[in-house]
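Residue numbers (this note's numbering), protein chains in the order written: chain E, -5 to 111; chain U, 6 to 121.
Structure first, then comments.
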Amino acid sequence: NAGVTQTPKFRILKIGQSMTLQCTQDMNHNYMYWYRQDPGMGLKLIYYSVGAGITDKGEVPNGYNVSRSTTEDFPLRLELAAPSQTSVYFCASSPLGTSGGVFYEQYFGPGTRLTVT
Amino acid sequence: AQSVTQLGSHVSVSEGALVLLRCNYSSSVPPYLFWYVQYPNQGLQLLLKYTTGATLVKGINGFEAEFKKSETSFHLTKPSAHMSDAAEYFCAVSDRYGGSQGNLIFGKGTKLSVKP
Chain E
-5 NAGVTQTPKF
5 RILKIGQSMT
15 LQCTQDMNHN
25 YMYWYRQDPG
35 MGLKLIYYSV
45 GAGITDKGEV
55 PNGYNVSRST
65 TEDFPLRLEL
75 AAPSQTSVYF
85 CASSPLGTSG
95 GVFYEQYFGP
105 GTRLTVT
Chain U
6 AQSVTQLGSH
16 VSVSEGALVL
26 LRCNYSSSVP
36 PYLFWYVQYP
46 NQGLQLLLKY
56 TTGATLVKGI
66 NGFEAEFKKS
76 ETSFHLTKPS
86 AHMSDAAEYF
96 CAVSDRYGGS
106 QGNLIFGKGT
116 KLSVKP
């Protein structure tokens, strides 16, 4: 199993350009998440999805959009790239969130390093 | 709102020395608690977690953490550091009663260096 895969690994964008960060998981997980990691700031949740067709905002959703048409894929779209979106982006998945007092582990992809200049 | 504080953005220890990485959370209700490790240019990997039961939790690679409700802390320790432990460590919490999404709130991270 590949687990959680992300493409591309690196990308440089010019201000105002758009792009889609791809995330795919092969574990049949219902829940998927997008985080951004800025130096010295930890990870912050951008969007999450609890199943195909269902998405919701996290802590820092402005400037991003997501869709979840299949269980496997959870792409993150940047419509008008800004320097403030320079970051490392991580996708994660888990079978469920919490259920019956059990917290299900999130499995992380290797990340996409994005620079906007 | 939940928050997580990790004391020390950088910690340096000698090989064989005790590793102690500090984490405090703010919540009136004890949340679920986690430690993740991130090796250079890789994603995050779960080290250990506390959800319920025994307050001393053992994880992978010889790490353990103790949940102390009275101190709202969840410090990570390892008795003897190894060179391969050099990485960035993140403490995270998830609201126990805030819904079933399993959203994590991360601390800012502590970079651990191990000197030979």
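Cβ coordinates follow ideal geometry from the N, Cα and C atoms, glycine included.
Fill in: Integer-rounded CB distance, given that asparagine 59 of chain E should sit under 8 Å from arginine 71 of chain E
5 Å
Worksheet item: Are phenylalanine 79 of chain U and glycine 36 of chain E close, meaning C-beta to C-beta below 8 Å?
Response: no
Item to complete: Just the chain U side, please: which residues come within less than 7 Å of proline 55 of chain E by C-beta, in chain order?
Response: By Cβ distance, chain U contributes nothing, its closest Cβ being about 13 Å from proline 55 of chain E, past 7 Å.
Worksheet item: Where DSSP assigns a beta bridge to asparagine 59 of chain E, which residues make up the other side?
Response: E:Arg71
Discussion item. List, in chain order, every chain E residue whose beta-carbon is nearer than 8 Å to that of lysine 74 of chain U.
Written reply: None at all; the shortest Cβ gap to chain E is about 17 Å.
Worksheet item: Nearest to methionine 13 of chain E by alpha carbon, out of E:Thr1, E:Lys51, E:Phe84 and E:Leu39?
Response: E:Thr1
Worksheet item: In chain order, what residues of the same chain lie with their CB nearer than 7 Å to the CB of glycine 117 of chain E, ignoring the 5 residues before and after it?
Response: One cannot answer for residue 117 of chain E here, as it falls past the ends of chain E, which runs -5 to 111.
Fill in: C-beta neighbour in chain U for glycine 52 of chain E, strict 8 Å
yes
Worksheet entry | Enclosing beta strand (DSSP E) for isoleucine 40 of chain E [first to last residue] | 37 to 45
Discussion item. Contact between the segment 17 to 33 of chain E and the segment 77 to 84 of chain E is defined here as three or more beta-carbon pairs at a separation below 8 Å; is this criterion met?
Written reply: yes
Worksheet item: How long is the line joining the alpha carbons of glycine -3 of chain E and valine 44 of chain E, rounded to whole angstroms?
Response: 18 Å
Discussion item. Can you tell me whether tyrosine 101 of chain E is buried or exposed? The criterion is at least 16 other CB atoms within 10 Å of its CB, across all chains shown.
Written reply: buried
Worksheet item: What are the boundary residues of the beta strand (DSSP E) that includes histidine 15 of chain U?
Response: 15 to 19
Worksheet item: Looking at the unbroken beta strand (DSSP E) that takes in glutamate 69 of chain U, where does it start and where does it end?
Response: 69 to 73
Fill in: Same chain only: Cβ atoms within 6 Å of proline 89 of chain E, ignoring 5 sequence neighbours per side
His23 and Tyr98
Worksheet item: When you compare each of E:Pro77, E:Asp50, E:Ala46 and E:Ala75 to aspartate 67 of chain E by their alpha carbons, which one comes out closest?
Response: E:Ala46
Item to complete: Would you give the residue range spanned by the beta strand (DSSP E) that tyrosine 98 of chain E belongs to?
Response: Element bounds for tyrosine 98 of chain E: n/a, residue is neither H nor E.
Practice prompt. Return the residues of the segment 20 to 45 of chain E that lie within a Cβ-Cβ distance of less than 7 Å from chain U, sorted by chain order.
Written response: Tyr25, Gly34, Met35, Gly36, Leu37, Leu39, Tyr42 and Val44
Worksheet item: In the structure shown, what three-state DSSP assignment does isoleucine 9 of chain E receive?
Response: coil
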